[in-house]
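Visitor: Questions regarding the structure given below will be posed in turn.
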Amino acid sequence: MPVYKAPVEDTLFLLNDVFNIERYNNLPGFADATPDVVEAVLGEGAKLCEEVLQPLNHSGDQEGCKRNADGSVTTPKGFKEAHKAYAEGGWIGLAMDPEYGGQGLPYTLGAVMNEYASSANMAFAMYPGLTMGAIAALYVHGSDEQKRTYLPKMIEGTWSGTMNLTEPHCGTDLGLIKTKAVPNGDGSYAITGTKIFISAGEQDITENIVHLVLARIEGAPAGVKGISLFVVPRNKVGADGSVGENNHVSCGSIEHKMGIHGNSTCVMNYDGAKGWLIGTENKGLNAMFVMMNEARLGVAIQGLAQSEVAYQNAVVYAKERIQGRSLTGAKNPDKAADPIIVHPDVRRTLMSIKAFNEAARAFVIWNAIKSDIAHRSGDAAERQAADDQLGLMTPVLKGVLTDTGFDNAVKAQQMFGGHGYIAETGVEQFVRDARIAMIYEGANGVQAMDLVGRKLGRDGGRAIMAFFNEVGGFLKDNAEDEALRPLLAPLQVSLGHLQQASMWFMQNALAKPDNAGAGAHDYMHLLGLVSLGYMWARMAKVAQDKLNAGANGATERMNTKLATARFFMERSLPETAAHLVRITSGADSTMALSAEQF
Numbered sequence: 001m002p003v004y005k006a007p008v009e010d011t012l013f014l015l016n017d018v019f020n021i022e023r024y025n026n027l028p029g030f031a032d033a034t035p036d037v038v039e040a041v042l043g044e045g046a047k048l049c050e051e052v053l054q055p056l057n058h059s060g061d062q063e064g065c066k067r068n069a070d071g072s073v074t075t076p077k078g079f080k081e082a083h084k085a086y087a088e089g090g091w092i093g094l095a096m097d098p099e100y101g102g103q104g105l106p107y108t109l110g111a112v113m114n115e116y117a118s119s120a121n122m123a124f125a126m127y128p129g130l131t132m133g134a135i136a137a138l139y140v141h142g143s144d145e146q147k148r149t150y151l152p153k154m155i156e157g158t159w160s161g162t163m164n165l166t167e168p169h170c171g172t173d174l175g176l177i178k179t180k181a182v183p184n185g186d187g188s189y190a191i192t193g194t195k196i197f198i199s200a201g202e203q204d205i206t207e208n209i210v211h212l213v214l215a216r217i218e219g220a221p222a223g224v225k226g227i228s229l230f231v232v233p234r235n236k237v238g239a240d241g242s243v244g245e246n247n248h249v250s251c252g253s254i255e256h257k258m259g260i261h262g263n264s265t266c267v268m269n270y271d272g273a274k275g276w277l278i279g280t281e282n283k284g285l286n287a288m289f290v291m292m293n294e295a296r297l298g299v300a301i302q303g304l305a306q307s308e309v310a311y312q313n314a315v316v317y318a319k320e321r322i323q324g325r326s327l328t329g330a331k332n333p334d335k336a337a338d339p340i341i342v343h344p345d346v347r348r349t350l351m352s353i354k355a356f357n358e359a360a361r362a363f364v365i366w367n368a369i370k371s372d373i374a375h376r377s378g379d380a381a382e383r384q385a386a387d388d389q390l391g392l393m394t395p396v397l398k399g400v401l402t403d404t405g406f407d408n409a410v411k412a413q414q415m416f417g418g419h420g421y422i423a424e425t426g427v428e429q430f431v432r433d434a435r436i437a438m439i440y441e442g443a444n445g446v447q448a449m450d451l452v453g454r455k456l457g458r459d460g461g462r463a464i465m466a467f468f469n470e471v472g473g474f475l476k477d478n479a480e481d482e483a484l485r486p487l488l489a490p491l492q493v494s495l496g497h498l499q500q501a502s503m504w505f506m507q508n509a510l511a512k513p514d515n516a517g518a519g520a521h522d523y524m525h526l527l528g529l530v531s532l533g534y535m536w537a538r539m540a541k542v543a544q545d546k547l548n549a550g551a552n553g554a555t556e557r558m559n560t561k562l563a564t565a566r567f568f569m570e571r572s573l574p575e576t577a578a579h580l581v582r583i584t585s586g587a588d589s590t591m592a593l594s595a596e597q598f
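Going by the UniProt record's numbering, the first residue of the sequence shown is number 1, and it counts up by one from there.
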């Protein structure tokens with residue numbers, strides 16, 4: 001059966017040594033996150049994920065969710081109790097405002113916990129994860145009354161939250177939404193319509209569900225300019241906070257899907273349900289995007305999480321599976337064969353996953369810290385710079401980490417041979433679960449177009465220029481370090497590829513937009529590779545410094561870091577050259593065929 005151990009040691013290396021989170025003690029919540037507190041928090045989180053959530057992953061996948069005759073939904077055995085343990089441990093409110101019952105710790109720690117929980121049991125982690133996204137949207141755009149009514153119950157885990165965007169005819173193009181909202185005359189609205197693909201839309205783990213629903217008020221402008229956001233509880237809420245009768249909200253069916261079987265993906269019907277406007281009329285997307293951007297970072301983390309758990313299981317199997325002999329002579333001469341981890345192609349596969357996982361974890365934490373700065377810093381310029389980076393990197397995180405996370409789950413499955421194709425080893429579940437992350441919260445092709453079409457040129461390219469300057473500055477500052485030179489030289493080359501691609505878009509995309517569309521996917525992955533390479537450069541510098549200083553007990557770990565960094569620089573980063581060639585080839589061959597020729 002599958003195994004999972006949360007990478008606490010690697011996380012602490014990143015938080016304490018690479019990013020030095022103590023330097024942010026001027027931000028609210030960070031002063032409380034002392035090294036001892038952080039280590040204790042991550043240790044307890046790891047224990048919950050390893051001992052409570054992970055054992056339910058395979059059984060939850062096999063059992064799935066069941067819609068009952070009355071429209072209620074039963075989640076897999078153990079999920080309700082696990083959610084209670086998760087909520088009572090304070091994990092939902094880890095980074096939330098203490099005014100509403102949260103602990104006020106950095107969001108960065110919440111992102112780390114999200115990785116651990118998603119590796120242990122991705123389908124389960126979606127229940128509290130969606131609640132946290134809904135909390136964020138209400139916190140930013142909700143009225144004081146709405147926040148008082150919903151946030152304490154959601155933060156304590158008694159109530160959960162969802163987001164309702166998609167309709168049968170309308171996915172990415174939200175301007176086509178038909179769900180309508182009619183004023184009731186008392187400040188509320190009657191919400192009527194059908195939403196599909198609603199994760200955790202109905203379940204039996206919380207006493208109420210707070211749905212955030214996009215709808216169009218009668219007479220609103222057409223398209224996205226006429227969309228509003230409403231808070232619609234499944235059950236009516238009394239003035240004293242008590243939960244009453246059903247609010248004309250029902251689950252019509254549960255989708256039968258490829259993976260994440262333990263999470264209920266519902267068709268939701270709103271039949272005159274009473275809802276309340278969040279924020280301003282016709283500005284619903286502004287409010288919902290708070291939740292969507294948080295969800296996109298959460299989905300990026302899911303890509304990393306499935307890559308990590310698949311890798312861990314592949315390593316265990318590769319060390320145990322006896323098959324064939326080493327090319328350089330038997331390593332276990334007293335046995336009939338050697339473990340497959342002796343074979344170079346197995347090593348290549350495992351190293352490619354390992355090198356990605358560690359850089360991706362750094363990439364997530366780096367941007368999570370930027371999120372904390374953007375929301376908590378008192379310095380306007382610092383907030384702006386952090387927000388610029390988040391805007392640029394969110395589609396890269398979502399697209400690259402989920403594309404590669406799925407690829408890595410498949411690579412890990414390959415290590416098992418035929419045993420990877422059957423359910424009892426559990427690795428095929430990682431492949432199935434990882435696949436959805438490339439699709440939901442904006443399919444990855446949309447992420448690439450968002451990056452190239454909107455984020456790259458925003459504010460005169462301010463964000464990408466800041467990234468060029470940061471990476472270039474790091475390379476310049478460390479140019480005389482002989483030990484690092486073999487690792488930094490490839491990054492310098494790949495940074496040049498990224499700069500050339502960016503310039504090519506500036507010269508060729510405005511007059512011919514298809515050039516941007518045809519090259520967007522490659523540009524997203526090019527920027528992703530350079531970002532991951534930059535993370536490895538920073539990790540390698542810390543590792544080398546520790547070795548030079550003779551840090552106690554660090555030799556083996558830091559040498560492992562440097563060897564993994566070298567693999568990434570030599571075997572993964574050179575792919576930037578191919579991305580550049582594809583980008584600069586333009587759109588002609590991509591667009592050459594008529595629709596009938598396909």
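Cβ coordinates follow ideal geometry from the N, Cα and C atoms, glycine included.
1) Is the beta carbon of W536 less than 9 Å from the beta carbon of F505?
2) Does the beta-carbon distance from G142 to I278 come in below 9 Å?
3) For M163, which beta-bridge partners are listed by DSSP?
4) Is the region 142-158 close to the region 92-106, with three or more CB pairs under 8 Å?
5) For N367, does the three-state DSSP call read helix, strand or coil?
6) So what does G275 bridge to, in DSSP terms?
7) Can you check whether the CB of M268 is closer than 9 Å to the CB of N114?
8) Do L456 and L547 come within 9 Å of each other at the CB atom, strictly closer than that value?
9) Go to G244, then tell me how far its beta strand (DSSP E) extends in each direction, as first and last residue.
10) Around the C-beta of L510, are 16 or more other C-beta atoms found within 10 angstroms, so that it is buried, or is it exposed?
11) Which of the three DSSP states is assigned to L562 in this structure?
12) Is the Cβ-Cβ distance between Q413 and A314 less than 9 Å?
13) As a quick exercise: from T280, M291, I340, pick the residue whose alpha carbon is nearest that of R325.
14) If we count Cβ pairs, one from each stretch, closer than 8 Å, do we get three or more for the region 522-541 versus the region 389-409?
15) Comparing alpha-carbon positions, which option in T149, E424, L498, T172 lies nearest Y523?
16) Could you have a look at P55 and say whether DSSP puts it in helix, strand or coil?
17) What number of angstroms, rounded off, separates the C-alpha of D144 from the C-alpha of V213?
18) Applying the 10 Å Cβ sphere with the 16-neighbour rule, what's the burial state of Y317?
19) When DSSP labels each residue in this structure, what does V249 get in the three-state scheme?
20) Would you give the residue range spanned by the alpha helix (DSSP H) that S119 belongs to?
21) Given a threshold of 16 other Cβ atoms within 10 Å of its Cβ, counted over all protein chains shown, does Y421 qualify as buried or as exposed?
22) Does the beta-carbon of T265 have 16 or more other beta-carbons within 10 angstroms, so that it is buried, or is it exposed?
23) In terms of residue numbering, what span does the alpha helix (DSSP H) encompassing V182 cover?
24) Have a look at F430, R296, L484, N367 and flag the residue whose alpha-carbon is nearest the alpha-carbon of L108.
25) Return helix, strand or coil for R23, following the three-state DSSP convention.
26) Which class does C65 belong to by DSSP, given the choice of helix, strand or coil?
27) Starting from the Cα of N293, find the closest Cα among G45, E441, R361 and give me that residue.
28) Name the DSSP beta bridge partners of K195, please?
29) Is there contact here, the region 225-245 with the region 24-42, by at least three beta-carbon pairs under 8 Å?
30) Tell me which same chain residues have a C-beta within less than 7 Å of the C-beta of L151, skipping the five on either side of it?
31) Which of the three DSSP states is assigned to K331 in this structure?
32) Looking only at its own chain, which residues have a Cβ that is under 8 Å from the Cβ of S59, when we skip the five neighbours before and after it?
33) Going by the C-beta, is L495 closer than 8 Å to any heavy atom of the ligand ATP?
34) Grouping DSSP H, G and I as helix and E and B as strand, with all else coil, what is S531?
35) Between the region 86-94 and the region 222-232, do at least 3 Cβ pairs fall closer than 8 Å?
36) Out of curiosity, what's the CA-to-CA distance linking A85 and N121?
Guide: So, from the listed chains and residues:
1) no
2) yes
3) L212
4) yes
5) helix
6) Y189
7) no
8) no
9) 243-246
10) exposed
11) helix
12) yes
13) I340
14) yes
15) L498
16) helix
17) 19 Å
18) buried
19) strand
20) 107-141
21) exposed
22) buried
23) Segment 180-183 is the beta strand (DSSP E) holding V182; no alpha helix (DSSP H) there.
24) Reading off the sequence, residue 108 comes out as Thr, not Leu. With distances taken between Cα atoms, T108 lies closest to N367.
25) helix
26) coil
27) E441
28) M268
29) no
30) Y100, I135, L138, Y139
31) coil
32) P76, K77, G78
33) With respect to the ligand ATP, the structure offers nothing, as it holds no ligand at all.
34) helix
35) no
36) 14 Å
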